[in-house]
Each structure stands twice: as structure tokens, then as C-alpha cells.
Amino acid sequence: MIEVLKLFFGSLFSKKSLEKTLVDSKLGKLICTYKKEDIYFTWDTEYKFNNNNREPISISIDGDTNGPFSNTLQKTYQIMDTIFELQSKIQTKIDSQFPEKNIDLKRDFNLEDLYIYLEEETNSVEYEFEYYSNDSEIMISVEFVKDEIEAIEFY
Numbered sequence: 263m264i265e266v267l268k269l270f271f272g273s274l275f276s277k278k279s280l281e282k283t284l285v286d287s288k289l290g291k292l293i294c295t296y297k298k299e300d301i302y303f304t305w306d307t308e309y310k311f312n313n314n315n316r317e318p319i320s321i322s323i324d325g326d327t328n329g330p331f332s333n334t335l336q337k338t339y340q341i342m343d344t345i346f347e348l349q350s351k352i353q354t355k356i357d358s359q360f361p362e363k364n365i366d367l368k369r370d371f372n373l374e375d376l377y378i379y380l381e382e383e384t385n386s387v388e389y390e391f392e393y394y395s396n397d398s399e400i401m402i403s404v405e406f407v408k409d410e411i412e413a414i415e416f417y
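Given below as C-alpha cells:
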């Protein structure tokens, strides 16, 4: 009897992770690791710029089990096409809001994580950059809302 119950309900209570992979022409391999009970899904990849000797950027993109949402994927492409301009915008904002911190993103920090997500209340695509200092003692999070810098936080 126990074996029959396990057979019928075992997969229902299983905590085993599932994984799907897609290959995107611009971003490369996208991987979604999830459990059956999950309601939010992210597709993860690493992106390395050809002219950049630094570590690749980890990118997480909101989607469902079929792939990234179309609007989050399109925003990711836009971000990757303009990333150097966005980073310059971030540096300018840090210089004007926090001049006492004397931060040089290019010299002292690496952009390691990029999150592109769908804001459910507004149905708009927002994103966040996370920079880590070369000595890993400081992390800077920059949140964009409607393509404008909404918040810069230091950890």
C-alpha cells in the first residue's frame, strides 16, 4: 500500500530540481533550474564581452518554463547593446550623489550580476546591476526603473 501511495504521490512531493536549456543566438546557453511547485522562473546565463578580459557577467532573466518572457529578453538585448553607456551613466550618478566615496567603477569594481525582471504591478521590465569591489569587501547595487536609475545602494 505504501509503495502504491509513493507511486501516485511521490512526484507530487518530490523536491528534485528540474532543468531546461535553450540556446539564444545573442546570449548563448540559457538555463532554467526549477521545482514543480515553483511559480517564478529565471533563465540564467553568463555573458562575456569580447573586448573585456574580466570575468563574465551572470545574467538572470524572468520568464516561465518555456523561456524568458519576450519583453524581458528584448530588454536584456537592449541592455547588452548599451551596457557601456549605462555604466557611464551609473558612474556619473555615483559621482554626483556620493562624491565623498571616491568610487571608480572601471578601476575598482566588476559588474558581476545583472537581473532583468518583470514588475508585476506595473507590467514593466526593470533591472538591477550588482558590482563587487576587486577585494570583495563592497557591493554596489543599482536599480533601474523605466530605464532611469532609481536607487544606488552600498553593502
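If you're matching positions, the sequence shown starts at 263 in the working numbering and goes up one per residue.
A virtual CB, placed ideally from N, CA and C, is assigned to each residue, including glycine.
Because the structure is a prediction, the values reported are computed rather than measured.
In the three-state reduction of the DSSP assignment, E399 falls in the coil class.
Per DSSP, D324 is one residue of the beta strand (DSSP E) stretching across I319 to D326.
In this structure, T338 keeps its C-beta atom at 7 Å or more from the C-beta atom of I319.
Checking the DSSP bridge columns, you'll see S386 partnered with E381. The Cβ neighbour count for L280, taken over all protein chains shown within 10 Å, is under 16; the residue is labelled exposed. Going by DSSP, D357 is part of the alpha helix (DSSP H) stretching over I345 to Q359. Here K337 carries a helix assignment [DSSP, helix/strand/coil].
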